[in-house]
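Residue numbers (the numbering used here): 19 to 454. Let me begin by presenting the structure, written as structure tokens, before commenting on it.
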Amino acid sequence: MNIVVSFLSVFVLLGCSYSPNVTKVSEEELATYNPKHFAKPKNKDRIANENDLIIQAIWYENQGNYKKSNYFYSILYDRTENVEYMFRELTTALYAGIDSKNILKLKEWTKENPNNIQSKRLLISFYINEKKNQEAKEVGRELVSKSGKAIDFELSASPYILSGEYTKAVSLLEEAYKKSYNEDILIKITTILANYLGDIEGAIKRLEKHKSQNQCSEKICNQLVEIYTKLQQVEPLMKVYHALYKETKKDIYAVKIVEGYIYTEEFDKAIAFLQNDYSNDELLYELYLAKKDYSSALDIAEKLFIEQKRPKWLAESAMALYESAKNKDDEVMLNSVVEKFEQAIGDGVRDSVYLNYYGYTLIDKNIDIEKGVKIVKDALKEQPNNSYYLDSLAWGYYKLNLCKEAYIEMKKVVDIEGLDEEDIAQHWISIQKCNR
């Protein structure tokens with residue numbers, strides 16, 4: 019089961035937390051840059067020439083143009099045979115994704131200097147690049163025996179991942195994680211556990227432990243979200259979303275919390291969250307509709323219209339007013355509904371949902387049947403195959419005693435929806451009688 023987004027293609031090479039050591043120098047410093055550890059030039063001409071090359075190499079490096087930077091480091095190494103330039107040439111070659119003529123020299127130098135960590139890191143990276151996993155493993159074993167740093171255990175895990183030895187890779191990555199508590203390393207571990215070793219519970223356990231001991235960072239908690247979503251475990255998923263919102267205060271997580279409560283039909287919890295933790299009247303309005311608390315929905319819609327002046331909220335308040343009415347034939351209420359819809363449409367509302375609702379109300383309540391039919395037809399221009407709009411049109415034709423037209427439209431509705439809905443069934447019976 020592909021539970022977690024795969025990171026393999028990203029981290030097995032230089033995408034891991036380890037990056038070859040690249041010194042960044044600001045543009046202001048380039049003119050006077052004098053790097054430590056470089057061999058001292060023997061004459062003034064060489065000083066000028068070497069410094070010019072260094073400036074260009076570092077300039078392009080800072081700009082991310084590793085290919086050009088590599089060109090200058092290559093010249094510097096050829097002229098000086100300074101090992102620092104060799105390391106820089108090799109490093110920029112890796113970043114640029116190009117071949118280096120100095121790989122053999124790196125191998126020889128590494129043998130001659132077995133305690134040097136940097137050369138081993140570079141050598142592993144090149145072996146991985148050349149798909150020489152066995153050689154990379156051997157250098158990796160030497161590297162972790164000399165170094166106690168997390169980046170070296172992480173880098174040494176890469177050839178095991180590429181060769182499918184996931185248990186060994188996890189073992190090395192866990193050593194790296196213990197030394198650093200680095201989130202990226204933990205995500206690699208849990209990716210392998212969930213996707214390649216089938217240990218989803220192990221992945222969850224490690225992620226939850228990190229969350230409890232540190233914080234609900236977006237990297238870690240979104241990994242948990244991915245897993246819990248795929249497993250359809252709503253309760254722990256909601257806990258993670260609450261933690262993410264508490265940590266970040268981002269709207270996206272608050273919305274997910276509300277959506278989760280709607281999914282589980284815990285409307286009161288969602289309303290309490292919106293009232294106490296996250297102020298969002300539009301979401302609150304949707305919740306009241308879902309709960310069928312139309313009186314509260316009406317209050318919110320009217321408030322939003324006052325605040326936003328958007329005619330949409332007039333149309334919404336018209337629907338909420340009608341739905342909240344105990345007496346659906348109350349003349350005062352119906353007049354108010356018509357007034358709200360007329361103002362909303364006059365101010366530019368063209369959404370087919372509002373048009374159909376208003377048109378059907380005019381038809382069903384015998385307020386203005388011909389006008390209602392015309393408005394429903396406008397809604398059908400947007401959605402010509404919408405069965406509910408077709409039902410409204412058929413009912414309008416029926417009210418106008420256009421029985422044949424009503425039957426044609428209602429037959430389409432029945433073919434699509436069947437007769438399970440009470441309104442459709444009643445309309446169908448009435449229209450069939452009319453058409454005889």
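Beta carbons: idealized from backbone N, C-alpha and C, even for Gly.
Buried or exposed for residue 282, going by 16 or more other Cβ atoms inside 10 Å? Classification for residue 282: exposed.
For residue 220, three-class secondary structure by DSSP: For residue 220, the secondary structure class from DSSP, reduced to helix, strand or coil, is helix.
Apply the 10 Å Cβ neighbour rule to residue 350 and answer buried if 16 or more other Cβ atoms are within range, or exposed otherwise. With fewer than 16 other Cβ atoms within 10 Å, it is exposed.
Cβ distance (whole Å) where residue 228 is taken to contact residue 204 below 8 Å: In this structure residue 228 touches residue 204 by the C-beta definition: roughly 6 Å separates them, less than 8 Å.
Would DSSP call residue 421 helix, strand or coil? Reduced to three states, the DSSP call for residue 421 is helix.
Got a sec, what are the start and stop residues for the alpha helix (DSSP H) residue 88 sits in? Where residue 88 is concerned, the enclosing alpha helix (DSSP H) stretches over 84-98.
Sufficient close CB pairs (3 or more, under 8 Å) joining the region 413-433 to the region 371-382: Under the Cβ criterion (8 Å, minimum of three pairs), the region 413-433 counts as touching the region 371-382.
When the Cα atoms are used, what is the spatial distance from residue 67 to residue 115? Taking C-alpha positions only, residue 67 is separated from residue 115 by approximately 27 Å.
Just checking, does the region 239-251 make contact with the region 275-295 on the three C-beta pairs under 8 Å criterion? Cβ pair count under 8 Å is below three, so no.
Sub-9 Å separation of residue 362 and residue 341 beta-carbons: The Cβ atoms of residue 362 and residue 341 do not sit closer than 9 Å to each other.
Once DSSP output is grouped into helix, strand and coil, what is the label at residue 268? Here residue 268 sits in coil by DSSP.
Could you work out which residue in 158, 220 and 224 is closest to residue 199 when comparing CA atoms only? Among 158, 220 and 224, the Cα nearest to that of residue 199 is on 224.
Considering only C-alpha positions, which residue in the set 149, 82 and 123 is nearest to residue 108? Of 149, 82 and 123, the residue nearest in Cα terms is 123.
Below 8 Å, is the gap between the Cβ of residue 431 and the nearest heavy atom of the ligand ADP? This structure simply doesn't include the ligand ADP, nor any ligand for that matter.
Helix, strand or coil, according to DSSP, for residue 215 in the structure here? In this structure, residue 215 counts as coil in the three-state DSSP scheme.
What span of residues does the alpha helix (DSSP H) with residue 114 cover, start to end? From DSSP, the alpha helix (DSSP H) with residue 114 extends over 101-114.
With a threshold of 8 Å on Cβ separation, who are the neighbours of residue 448 within its own chain once the five nearest residues in sequence on each side are excluded? For residue 448, the CB contacts under 8 Å within the same chain, skipping 5 residues up- and downstream, are 416 in chain order.
Within a Cβ cutoff of 7 Å, which residues of the same chain sit near residue 237, ignoring the five residues on either side of it in sequence? Only 201 and 205 meet the Cβ criterion.
Excluding five sequence neighbours on each side, which residues of the same chain lie with their C-beta closer than 7 Å to the C-beta of residue 52? At residue 52 the pLDDT is 41, less than 50, meaning the model places this residue with poor confidence; the figure from the coordinates comes in the next sentence. Nothing meets the Cβ criterion.
Using three-state DSSP, classify residue 342 as helix, strand or coil. Residue state for residue 342 is assigned as helix, using DSSP reduced to three classes.
Out of 288, 149, 135 and 344, which has the shortest C-alpha to C-alpha gap to residue 159? Residue 135 is the option with its Cα nearest to residue 159.
Mapping the DSSP letters down to three states, classify residue 456 as helix, strand or coil. Within the shown structure, residues of the chain are numbered from 19 to 454, placing residue 456 beyond reach of any answer.
How would you label residue 148, buried or exposed, when you count the other beta carbons within 10 angstroms and need 16 or more for buried? Answer is exposed; the Cβ neighbour count stays below 16.
I need the straight-line Cα distance from residue 81 to residue 273, nearest angstrom please. If I take the Cα positions, the gap works out to 40 Å.
The region 422-430 in contact with the region 390-401 per 3-pair CB rule at 8 Å: Put simply, the region 422-430 does not touch the region 390-401. Fewer than three CB pairs are less than 8 Å apart.
Relative to the C-alpha of residue 168, which candidate in 180, 192 and 292 has its C-alpha closest? Minimum Cα distance to residue 168 is reached at 192.
Just how far apart, CA to CA, sit residue 304 and residue 358? The C-alpha of residue 358 is placed about 19 Å away from the C-alpha of residue 304.
Where residue 444 and residue 403 are concerned, what is the direct C-alpha to C-alpha distance, given to the nearest angstrom? Here the alpha carbon of residue 444 sits roughly 21 Å from the alpha carbon of residue 403.
Compute the distance between the beta-carbons of residue 370 and residue 399, then report whether it is under 9 Å. For residue 370 and residue 399, yes; Cβs fall inside 9 Å.
Tell me which same chain residues have a C-beta within less than 6 Å of the C-beta of residue 215, skipping the five on either side of it? Within the same chain, Cβ atoms closer than 6 Å to the Cβ of residue 215 are found at 184, the five residues on either side in sequence being excluded.
Report buried or exposed for residue 172, applying the criterion of at least 16 other Cβ atoms within 10 angstroms of its Cβ. Using a 10 angstroms sphere on the CB of residue 172, the tally of other CB atoms reaches 16 or more, which defines it as buried.
Cβ-Cβ separation, residue 141 to residue 18 (assumed contact under 8 Å), whole Å: Outside the shown range of the chain, which is 19 to 454, sits residue 18, and nothing can be said about it.
Pairwise C-alpha distance: residue 338 and residue 406: As the crow flies, the alpha-carbon of residue 406 is around 19 Å from that of residue 338.
What are the boundary residues of the alpha helix (DSSP H) that includes residue 159? Here the alpha helix (DSSP H) through residue 159 covers 151-164.
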